Amino acid sequence: NFVDINNLSLREPVPGLSEAKYLKQTDVKPFNTKLTVLENGLKVATEPHYGMYCTVGVAIDAGSRYEVGYPFGTSHFIEKLAFSGTPSYPSKEDLFRLLERRGALIDCQSTKDTFIYASSCQIDGFPDIIKLIADSIEDARLIIDFENKDMNSKPECEPLLTDWIHAAAYNSNTLGFTKYCPEENITNITQEHIYTFMKQYYKPNRIVVAGIGVDHDALVSLSRELFNDSKTAWTEDPSLLLEKIPPVDDSLAQYTGGEKLVAKDLSCMALGPTPYPNLAHFVLGFESCGYLDDDFVAFCVLQSLMGGGGSFSAGGPGKGMYTRHHWMYNATAYNHAYKESGIFSIQASSDPSRIDETVRVILEQFLRLPEGAEKEELSRAKTQLKSQLMMNLEVRPVMFEDLARQILGHGYRRKPSEYIEKIDLITNKDIKRIAERMLSKRPSVVGYGDIKSSDVACFRVIDSEKEAHRKCRRSRKSGTEFLNILEEYGWLILGTLIVFYFIYKRFISSFVQDIQQRKELERRKKFDTEIQEAYNDRIRIARERAQQELDNKVVEANKRSKIKKQDIMEKASSGTSEVSTDTDAYAFVTQLVNSAPVVVFSKTYCPYCKKAKQALSTFRMSNDLYKIIELNEREDCDKIQDALLQITGARSVPRVFIGGKCIGGCDDTMSAQRDGRLDKLLKEAGAI
């Protein structure tokens with residue numbers, strides 16, 4: 001019988017649907033970790049979880065810090081090689097079919113000291129996913145090259161700044177090695193480097209297999225079968241390895257402190273209909289501690305206390321900086337902790353003209369840390385840290401990473417309750433102590449953008465400021481100087497000073513504050529005017545440059561037209577006629593469009609043509625399937641464009657033909673690439 005569910009009471013079950021069954025809370029105990037160490041040293045850890053999905057993966061004690069004896073970027077290559085094809089799934093189509101069948105998402109990420117291969121999938125499909133993770137690697141040179149160019153063209157530069165502050169802090173050793181492959185090494189890294197690196201560091205005793213929401217015994221059985229040294233590619237074929245294998249690097253990270261300045265004009269990123277601010281970036285850091293250190297939790301509380309974020313982000317403990325310094329765009333505290341060392345840093349961004357003030361503000365924040373924090377501020381920071389910890393551990397992928405990293409780093413699982421107890425024990429004395437410990441080390445400095453070495457405060461200035469604040473704290477702590485003054489001059493002078501203070505507060509201070517506020521308002525207005533004028537000047541210069549380029553192109557076109565007319569007159573006077581006619585141009589275009597699966601009519605100097613050709617070049621088509629006609633290099637340019645007008649209804653370039661049909665210009669090509677239509681059209685035309 002038909003039932004209208006719109007008229008069905010919420011108290012009645014929907015006909016035809018099975019009754020919902022609810023799990024009991026006692027069925028799943030959160031953070032109930034099971035850990036098994038196999039005979040070969042491989043660790044397998046699991047935790048129970050609700051639902052039909054699970055998260056499984058592998059954490060490996062490897063990364064860029066171990067690239068001694070290898071070209072820098074080897075770890076970056078391995079990260080990008082993951083899941084591009086395996087012996088069991090030779091093509092990406094096979095891989096995608098597996099992921100779709102198992103409802104899986106898969107990823108590989110590397111840090112300075114850890115590789116993580118992870119996947120979220122249906123519980124009944126995790127054996128296939130673990131097998132995929134166990135044998136995943138293939139060629140990725142084009143991926144590396146694209147990622148390097150993409151990072152250097154983005155206005156958001158946090159990954160670069162993070163990499164550079166490590167390079168400055170650990171100069172030429174371990175954690176200071178770059179995480180990203182330098183461009184000069186893209187063609188130098190070979191298959192032998194990759195397999196040798198994996199042989200040395202992808203060993204069972206350096207690997208943790210972890211799962212959230214999977215059966216522990218099943219995962220142990222699969223791990224024993226799949227992660228076996230005797231089944232690796234380099235064991236079966238030793239010719240894949242380097243002739244001289246570098247030894248395993250067990251050296252400790254040596255904090256050196258230092259400076260890295262990258263001067264670059266970032267103003268071009270500020271142009272456009274929605275301009276991105278032209279910023280200069282500054283990072284100041286000091287050595288903190290590793291995650292095995294007793295002060296690790298105290299540094300985490302300190303990071304929460306410092307807070308931070310963008311100038312338009314939601315609030316937080318560090319939000320007050322933007323109300324006091326309106327010209328700062330971003331200021332965020334980071335605590336990077338590793339096994340034996342760590343670095344605590346603040347990244348800040350502002351207009352290049354205010355970078356000197358930015359340096360002083362950030363330095364002042366560090367130098368005030370030994371003074372401690374207010375009781376309410378410290379309590380709020382501890383509460384926020386505990387809340388963030390527990391909220392993150394509600395997400396299954398975060399639970400997996402936390403479990404895998406703790407087993408890899410500590411050898412066992414620390415429950416969140418242990419960390420919460422440690423957070424509650426942190427006092428203001430601990431904050432002062434770790435601040436003194438941190439500031440006793442040499443600073444690490446990074447500058448990026450339109451800046452000079454003098455703008456980012458040389459070490460002598462930072463050291464002198466540190467010494468001045470240290471002396472000031474000593475004098476406030478002792479208080480003996482004030483008592484000596486009282487003994488020498490008596491209470492009469494003190495009483496006079498108190499009377500003068502009340503007179504000042506009652507009659508003078510408000511007047512002085514008004515003057516200061518007016519001066520500050522005038523200074524801010526002047527700054528805003530200067531910023532607007534500078535922006536207008538950049539826009540005007542860009543427009544003049546574009547107009548000049550257009551004028552030059554018009555002059556060149558007129559010259560070509562004049563020469564063409566002279567040739568026609570000469571041919572007419574000599575009794576010859578023009579060979580190329582409009583009909584010939586139309587036939588030429590028609591024949592050319594049908595001669596190859598992909599044909600592009602372009603001009604070498606046109607930026608839109610370059611974008612369209614760049615989008616097509618990502619598909620690696622051979623020259624006989626992909627033709628480009630640069631019209632500005634042909635004398636019959638105008639006639640071909642007239643023929644294009646007849647065929648497509650437009651004279652403008654680029655004009656992109658796929659399978660004999662015009663798909664449009666630059667915008668149409670970029671749109672087709674984004675939504676996947678371009679890949680489909682190229683396959684239908686037989687171009688790929």
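According to full-length UniProt numbering, the sequence shown holds residues 1 to 688 in order.
C-beta: ideal position from N, C-alpha, C; glycine also.
Quantities reported herein were computed from a predicted structural model and do not represent experimental measurements.
How about residue i and residue j: do their beta carbons lie closer than 7 Å?
| i | j | result |
| --- | --- | --- |
| Ala-685 | Pro-607 | no |
| Val-395 | Glu-259 | no |
| Ala-210 | Gly-285 | no |
| Gly-409 | Tyr-291 | yes |
| Cys-289 | Gly-372 | no |
| Ser-653 | Thr-669 | In the sequence on display, residue 653 carries Val and not Ser. Taking 7 Å as the Cβ cut-off, Val-653 and Thr-669 do not qualify as a contacting pair. |
| Gly-660 | Val-555 | no |
| Leu-114 | Pro-397 | At residue 114 the sequence reads Thr, which differs from the Leu that was named. Taking 7 Å as the Cβ cut-off, Thr-114 and Pro-397 do not qualify as a contacting pair. |
| Gln-347 | Leu-161 | yes |
| Leu-369 | Asn-428 | no |
| Asp-135 | Pro-90 | no |
| Ile-531 | Val-208 | no |
| Thr-332 | Phe-282 | no |
| Val-405 | Thr-33 | It should be pointed out that residue 405 corresponds to Arg in this sequence rather than to Val. No, they are not a contact pair. |
| Asp-249 | Val-37 | no |
How many angstroms separate the CA atom of residue i from the CA atom of residue j?
| i | j | result |
| --- | --- | --- |
| Gly-85 | Thr-604 | 37 Å |
| Tyr-201 | Lys-29 | 34 Å |
| Ile-129 | Ile-647 | 51 Å |
| Lys-422 | Val-297 | 7 Å |
| Phe-106 | Leu-81 | The sequence as given places Ile at residue 106; Phe does not occur at that position. Rounded to the nearest angstrom, the two C-alpha atoms are 13 Å apart. |
| Glu-138 | Arg-354 | Residue confidence for Glu-138 is low, a pLDDT of 43 falling below 50, so the modelled location carries little weight and cannot support an answer. |
| Glu-225 | Ile-189 | 31 Å |
| Ser-349 | Asn-330 | 5 Å |
| Ser-580 | Asp-636 | Bear in mind that a pLDDT of 45 at Ser-580, under 50, signals an unreliable position, so the number given afterwards is only what the model happens to contain. For Ser-580 and Asp-636, the distance between alpha carbons rounds to 8 Å. |
| Gly-176 | Tyr-117 | 23 Å |
| Asp-124 | Ala-59 | 22 Å |
| Lys-415 | Asn-392 | 13 Å |
| Val-499 | Gln-516 | 24 Å |
| Val-100 | Tyr-626 | With the sequence shown as reference, residue 100 is identified as Glu, and Val is not the correct amino acid for it. Straight-line Cα distance between these residues: approximately 32 Å. |
| Ser-9 | Met-390 | 38 Å |
| Phe-96 | Phe-126 | 15 Å |
| Leu-261 | Lys-452 | 8 Å |
| Ile-539 | Thr-529 | 15 Å |
| Glu-19 | Glu-12 | 11 Å |
Please identify the residue among the options whose C-alpha is closest to the C-alpha of residue i.
| i | options | result |
| --- | --- | --- |
| Asp-667 | Ile-658, Ala-612 and Ile-647 | Ala-612 |
| Pro-443 | Leu-385, Ile-116, Ile-362 and Leu-644 | Ile-362 |
| Asp-293 | Ala-337, Ala-253, Cys-268 and Pro-277 | Ala-337 |
| Thr-618 | Asp-624, Asp-679 and Gln-566 | Asp-679 |
| Asp-265 | Pro-654, Leu-279, Pro-397 and Leu-378 | Leu-279 |
| Arg-634 | Asp-624, His-166, Ser-602 and Leu-616 | Ser-602 |
| Ala-643 | Asn-185, Ser-349, Gln-591 and Gln-566 | Gln-591 |
| Phe-527 | Pro-352, Ile-539, Gly-103 and Pro-15 | Pro-352 |
| Asn-335 | Thr-33, Met-438 and Ser-75 | Met-438 |
| Leu-132 | Asp-113, Cys-108 and Thr-114 | Cys-108 |
| Gly-103 | Leu-302, Glu-93 and Ser-119 | Ser-119 |
| Lys-179 | Asn-205, Cys-121 and Tyr-66 | Tyr-66 |
| Glu-401 | Leu-17, Pro-87 and Ser-110 | Ser-110 |
| Glu-340 | Thr-174, Thr-332, Ile-165 and Lys-382 | Thr-174 |
| Lys-441 | Glu-287, Thr-383, Ser-91 and Gly-73 | Glu-287 |
| Ala-587 | Gln-566, Glu-630 and Lys-639 | Lys-639 |
| Ser-345 | Glu-522, Met-399 and His-166 | His-166 |
| Ala-615 | Asp-584, Arg-674 and Leu-497 | Arg-674 |
| Pro-182 | Thr-256, Leu-98 and Ser-64 | Ser-64 |
| Pro-204 | Ser-223, Trp-327, Ile-78 and Gln-513 | Ser-223 |
| Arg-426 | Ala-585, Glu-79 and Cys-300 | According to the sequence as given, residue 426 is Ile; it is not Arg. Among Ala-585, Glu-79 and Cys-300, the Cα nearest to that of Ile-426 is on Cys-300. |
| Ala-534 | Arg-620, Pro-277 and Pro-127 | Pro-277 |
| Ile-78 | Leu-252, Ile-186 and Trp-327 | Ile-186 |
| Lys-610 | Asp-537, Gln-548, Ile-629 and Glu-544 | Ile-629 |
| Asp-584 | Thr-529, Ser-267, Gln-641 and Glu-549 | Gln-641 |
| Arg-523 | Ile-541, His-326 and Ser-509 | His-326 |
Using DSSP bridges, identify the partner residues of residue i.
| i | result |
| --- | --- |
| His-281 | Ser-349 and Tyr-448 |
| Ser-119 | Val-56 and Ile-106 |
| Lys-43 | Val-37 and Val-208 |
| Ser-223 | Paired residue(s): none; Ser-223 is not in a bridge. |
For the region 36 to 55 against the region 183 to 202, are there 3 or more C-beta pairs whose distance is under 8 Å?
-> no
Counting pairs of Cβ atoms below 8 Å between the region 47 to 67 and the region 230 to 239, do you hit three or more?
-> no
Evaluate the contact criterion for the region 240 to 249 versus the region 208 to 223: three or more CB pairs, one atom per stretch, below 8 Å.
-> no
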